[in-house]
Amino acid sequence: MSLESDDSDNGSIDEEQAEKERKELRKQLAYTKNKKADPTEHCEGDTDVEELYNNPIPTQASGMAVADDGREVAAEGKGVADKNNEGSSDKKDNGRLSPPPSDGDGDMLCSEDDDRAVKDVHMKAVKKRRPKKCQVRIWFNVAKMLDPSQFCKGLCFTDMDQVRFALQSYDIVNGRDYRFLRNEPRYVMVRCQSEFCPFYLIASKISKEPTVMIRRLEEPHTCGTTSETSRISSNWVANVFEEQIRSDPDWKVQDLIDEIQRKYGVEITKMMAYRARAKAGEIVLGNHKAQYKRIRDYCQTVIDKNPKSIVRVATINYVDQGLNPRFFGLFMCLKA
């Protein structure tokens, strides 16, 4: 009986001990599960935590396995070991980072300064154009307008009227004549009047500028000189001889004709000489009709320069007819 009681006591102690061990194992299992579920404790890519009751069978290089009782057991075969190795290699690869891209793939990534992630490999590289250097312009000198050596390719003029005047002076001084093939506000094309002469000129405006430039020039003239030219005019004579008429307003018409004949070998009529002298006098002395509009300016200047002077202007009003007042008389009393 005593032996039976001892056996029962030992059995109850063993059961209590086993129950305690089971509780400890449950606690440890719950702790392990919580640790695996906690993201701060278990990061993605880490090795898996082994189960508590899982005892893997170690393998040897000879293909034999060791059992729980210490006996060596033959493995299932090389295929099973290979499969296990493949599975383990896959697990290891899952935990590793991908290798860095090669040189070819690295070109696809942009620098950190670029907003885009991938370059457009099909986009062609655009070459930067260097700005053209500004050419030094050669301008027509009005003070030397009778100098034919000024004409050259690339010569610039302020406007098209200056081109026509310079071309007229060029041919009169050289004793030649020319004809317009095209005479437009933006384009001029000129050829010599002689059929076999190679003289040829093209001038046009520069884009977005009023400046005119000689684009093409073929010279010199191979034709003979002539004293009869259709290009001379009263405006040209008035501009050329303005200074002589300014110094001598009563310059005789015949003296003007002789001067032109002596200098340029060109004959002009008396009517052209009269008109040229009148136009030059208008440039020097001004237009008489336009001077009447400045009478009050003249009176104010007299009062400013000579105070206490008396100046009165009398006019006839035509307001009812819709006309401007007309000058009638001027009274002036200067202070002595």
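Going by full-length UniProt numbering, the first residue of the sequence shown is number 1, and it counts up by one from there. Using N, Cα and C, we set each Cβ at its ideal position, and we do this for glycine too. Note that the structure is predicted; figures quoted are calculated from it, not measured.
7 angstroms Cβ shell around residue i - same chain, five flanking residues per side excluded
i      : result
Gly265 : Gly175, Ser227
Cys223 : Arg176, Cys192, Ser194, Cys197
Ile206 : Met213
Pro148 : Tyr170, Val173, Asn174
His221 : Asn174, Arg176, Cys192, Cys197, Phe199
Ala280 : Ala238, Phe241, Glu242, Ile245
Three-state secondary structure (DSSP) of residue i
i      : result
Leu323 : coil
Gly329 : strand
Asn183 : strand
Thr315 : strand
Asp266 : Note on residue identity: the sequence assigns Val, not Asp, to residue 266. In the structure shown, Val266 sits in coil (DSSP, three-state: anything other than H, G, I, E or B).
Arg191 : strand
Proximal residues to residue i (C-beta, below 8 angstroms), its chain only, five neighbours per side dropped
i      : result
Glu218 : Pro198, Phe199, Tyr200, Leu201
Asn324 : Tyr318
Thr225 : Asn174, Gly175, Arg176, Gly265
Heavy atom of the ligand FAD within 8 angstroms of residue i beta-carbon
i      : result
Arg312 : Among the components of this structure there are no ligands whatsoever, and the ligand FAD is therefore not found.
Residue environment, residue i, which counts as buried when at least 16 other CB atoms sit within 10 Å
i           : result
Pro245      : For clarity, residue 245 is Ile in the given sequence; the question names Pro instead. Counting Cβ neighbours within 10 Å, Ile245 comes out buried, since at least 16 surround it.
Arg179      : exposed
Tyr170      : buried
Val188      : buried
Ala278      : exposed
Ile13       : exposed
Ile260      : buried
Ile172      : buried
Thr229      : buried
Ile310      : exposed
Phe331      : exposed
Ile303      : exposed
Ala203      : buried
residue 361 : Residue 361 lies beyond the residue range present for the chain, which begins at 1 and ends at 336; the question has no answer from this structure.
Interface flag, residue i vs chain C, CB-CB below 9 angstroms
i      : result
Ser204 : Considering every chain present, this structure includes no chain C. It has just one protein chain.
Own chain, CB closer than 6 angstroms to residue i, minus 5 neighbours either side, in chain order
i      : result
Ile316 : Arg326, Phe328
Arg182 : Met189
Quick check: the stretch 227 to 246 against the stretch 271 to 291, are there 3 or more CB pairs under 8 angstroms?
yes
What residue ranges within the stretch 196 to 249 form continuous beta strand (DSSP E) runs of no fewer than 3 residues, ordered along the chain?
200 to 205, 212 to 218
Would you list, in sequence order, the uninterrupted beta strand (DSSP E) runs of no fewer than 3 residues that lie entirely inside the stretch 123 to 170?
155 to 157
Assess, as a yes-or-no matter, whether the stretch 157 to 172 is touched by the stretch 248 to 258 under the definition of 3 or more beta carbon pairs within less than 8 angstroms.
no
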